[in-house]
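Everything on this sheet refers to the single structure shown next.
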Amino acid sequence: MKVVFVSSEIYPFAKTGGLADITGALPRKIASQGVKVFGFMPLYKTVDINKHGIIKIDASVDVNLNNRVYTFEVYKKIDDATFFFLKNDELFGRDYLYGPPEGDYPDNDIRFGSFCYAVMEFIKRENLNPDLIHVNDWQTALIPVLNYHKYNNHHVRTVITIHNLAYQGIFDKFAIERLNLGWDLFHMEALEYYDKVNFLKGGIVFSSAITTVSPTYAKEITFPEYGYGLDGVLRKYSNKLYGILNGIDYDVWNPETDKYIYENYCVFTIQKKSINKKLFLKEVGLKDEAKPLYIFIGRLAHQKGVDLIRDSIEEMSKMPANFAILGTGDKGYNDFFKSIEGKYENIFIKVDYNEAFSRKMYAAADFLLMPSLFEPCGLNQMIAMRYGTLVVARDTGGLKDTVKDVSQPDGYGILFKNPIKDEFLNALYRAVELYNNKKLFESLQKKVMEIDFSINNTAKKYIKLYESLKYSREVKI
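Per UniProt numbering, residue 1 is the first one in the sequence shown, and the count goes up by one each step.
Quick look at the structure:
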C-alpha cells in the first residue's frame with residue numbers, strides 16, 4: 001500500500017505544537033509496518049536543511065493561481081519514510097509558519113492553497129500513484145477537494161484528521177477566485193461558510209473519512225459546545241467520522257534513556273525520580289522536596305484553562321505544594337505571568353518554551369496540570385505518565401480517554417468536571433491528599449508508567465482504516 005501523508009508541520013523539521021509531534025511520529029511508524037509512505041511539508045525559512053540532511057533534488061512544480069505562477073523547488077529526505085519539502089521563498093521564506101504573535105499572515109489562503117496544488121501536481125508528475133492521501137487540519141484540507149474536483153482521482157481515497165476544530169482556515173469568499181476553485185464549489189454543500197470560504201469544511205465534505213485524535217473528541221465535536229460552527233456538518237457526515245487516539249513515540253519519550261534529565265530511571269528504579277525532583281527544585285529555586293510538585297507545560301491560551309491557574313494563583317501560593325509553570329502564548333497571559341515571576345516562593349514561572357527544560361520538569365514532577373476547556377487529545381498527559389507523573393485534568397476530550405479518576409476502580413489520576421475555580425482547586429487539594437498516601441501514590445506512579453500510550457497503537461488503527469477504505473470494506477478499528 002502507498003500513502004501520501006501531508007502536514008503543515010512535521011517534527012523535527014518544523015513545530016509550533018502537538019500537530020508536529022504526531023505528524024512526525026505517525027508516518028514513520030506506519031512505514032515501519034510495511035506501508036510505503038511519502039510525507040509532504042512546506043520548506044519554511046526556519047527549517048535547518050543541513051542539520052536534518054535535507055537535499056535539493058532535480059525537480060520543481062509550477063502552480064498557476066489567479067494569473068500568477070508560483071514555482072516550488074523540491075527537497076527530499078529519506079529515513080523511515082520518504083519526506084518531500086516544497087520550497088517557495090515568497091510564500092514560506094518567512095519568520096513564522098502561520099504568522100507573527102499579532103495574527104495570521106493575511107495571504108495564508110494563497111500560501112497553503114498553493115501548497116496543496118503543488119502536492120497534487122507533484123504526485124501526478126512523479127507518478128506516485130498513492131492508494132490514499134492523508135491530510136491534517138485546515139492547512140492541507142483543500143487536497144481532498146482538489147483530488148475529487150480538479151484531478152478526478154475518485155479511486156484515490158482521502159483521510160482528513162482534525163487535530164483542533166477551533167482552527168478552520170476561513171477566508172473571504174473571493175478566495176474561490178484566487179485559488180481557481182470555481183464558483184460551483186461556493187455553496188452550502190461544499191466550501192461556503194456564512195458567505196466565506198472554509199478550508200476545513202471542504203476537507204470534511206470531500207474526504208473519504210474524517211478522523212479526530214481521540215474517541216471522546218469525535219463525539220464532542222458533533223455538538224454545538226465543541227463544534228465551532230461545524231457541528232451540523234459533522235453530524236451529517238458522522239457515518240465517516242472516527243476517533244483514533246493519538247500516542248507518543250516511546251523511543252523519543254523514555255526516562256530510561258532521556259539525555260536531558262538529571263538521572264535516568266525506569267519503573268523498576270522509580271526511586272531515582274526523587275533525585276530529579278531534588279535537583280530540579282534546586283535549579284529553579286524552590287524549597288522543600290517533601291511537598292508535592294505540580295507542573296504546567298503548554299501554550300498560555302484560553303483553551304488550555306490558563307484562566308483557572310491565573311484566577312487561582314493566590315490560593316495556590318498558600319498550598320502545601322510547589323508549582324512550576326512553563327509556557328508561552330497569548331500576549332495577555334504572557335504579560336500576566338511575567339508580572340508575577342518571583343512573587344511567590346512556591347511558584348516558579350518561565351514564560352518560554354524549551355523542550356529540554358520541559359523534560360526535566362516531567363521527570364521531576366509529582367503531578368501535571370491540564371485544566372483544558374477542551375482537549376482534542378493531548379500528548380502532555382501521556383508523556384507525564386510515561387515519566388511516572390500523575391495527571392490532574394479536566395474531564396474532557398482525550399483527557400477523558402486517557403486519565404481515570406482515582407475514585408474509580410483501577411483509577412490513577414485526578415479529574416474535575418466543570419472549568420470553574422472551585423472545582424479546579426478541589427482537584428489540587430485531592431492531589432495533595434493522594435500524595436500524602438505514600439504507599440498508594442508510589443503504586444500509582446508505577447502503574448501509569450506501564451500504561452501503553454505508544455504511537456504504535458495509533459499506527460495500527462490507521463493502517464486498518466486505510467485498508468478498509470482501499471478495499472471498500474466496512475471500517476472496523
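We put the CB at the ideal spot given by N, CA and C, even for glycine.
Computed from a predicted model, the values in this text were never measured in an experiment.
Nearest Cα to D79 within the set R68, D109, V37: V37. As the crow flies, the alpha-carbon of G411 is around 12 Å from that of Q445. Take the alpha-carbon of L434 and the one of L230: they are about 40 Å apart. The beta carbon of F5 sits closer than 6 Å to the beta carbons of P27, V37, G39, H134 from its chain, once the five residues preceding and following it are set aside; these are given in chain order. Taking a 10 Å sphere around the C-beta of Q168, we find 16 or more other C-beta atoms and assign the residue as buried.
P376 is the residue among Y387, P376, I244 whose C-alpha sits nearest the C-alpha of D395.
For T158, the pairing in a beta bridge is given by DSSP as I133. Using a Cβ distance threshold of 7 Å, N147 and V159 do not count as a contacting pair. Rounded to the nearest angstrom, the Cβ distance from E450 to V267 is 6 Å, consistent with a contact under 8 Å. Taking one beta carbon from each stretch, the region 268-280 and the region 360-371 have 3 or more pairs nearer than 8 Å; the two touch. Membership of L465 in the alpha helix (DSSP H) is indicated by the continuous run 455-470. In the three-state reduction of the DSSP assignment, G413 falls in the strand class, which pools E and B. Collapsing the DSSP output to three states places L230 in coil.
Taking a contact to require three or more Cβ pairs closer than 8 Å, the region 13-22 and the region 45-65 qualify as touching.
Non-local C-beta neighbours of I162 in its own chain, meaning closer than 6 Å and more than five positions away in sequence, comprise T212, ordered along the chain.
Contact between A356 and Y260 holds: CB atoms are separated by about 4 Å, below the 8 Å threshold. Annotated three-state conformation of L390 is strand, per DSSP.
Beyond the five residues adjoining it in sequence on each side, D104 comes within less than 6 Å, by CB distance, of Y98 in the same chain, given in chain order.
The count of Cβ pairs closer than 8 Å, one atom from the region 343-356 and one from the region 317-330, reaches three, so the stretches are in contact. The three-state secondary structure of T328, taken from DSSP, is coil.
In this structure, the CA atom of K476 is about 24 Å from the CA atom of G232. With a contact defined as Cβ atoms closer than 8 Å, P215 and L241 miss out at about 11 Å.
Taking Y237 as reference, the option from I309, Y262, I170, E189 with the minimal CA-CA separation is E189. Ranked by how close their Cα comes to the Cα of R178, the residues Y70, Y228, Y193, N354 have Y70 in first place. Distances from the CA of I221 to each of K461, G243, A209 were compared; the closest alpha carbon is that of G243.
DSSP places R473 outside any beta strand (DSSP E), giving it a letter other than H or E.
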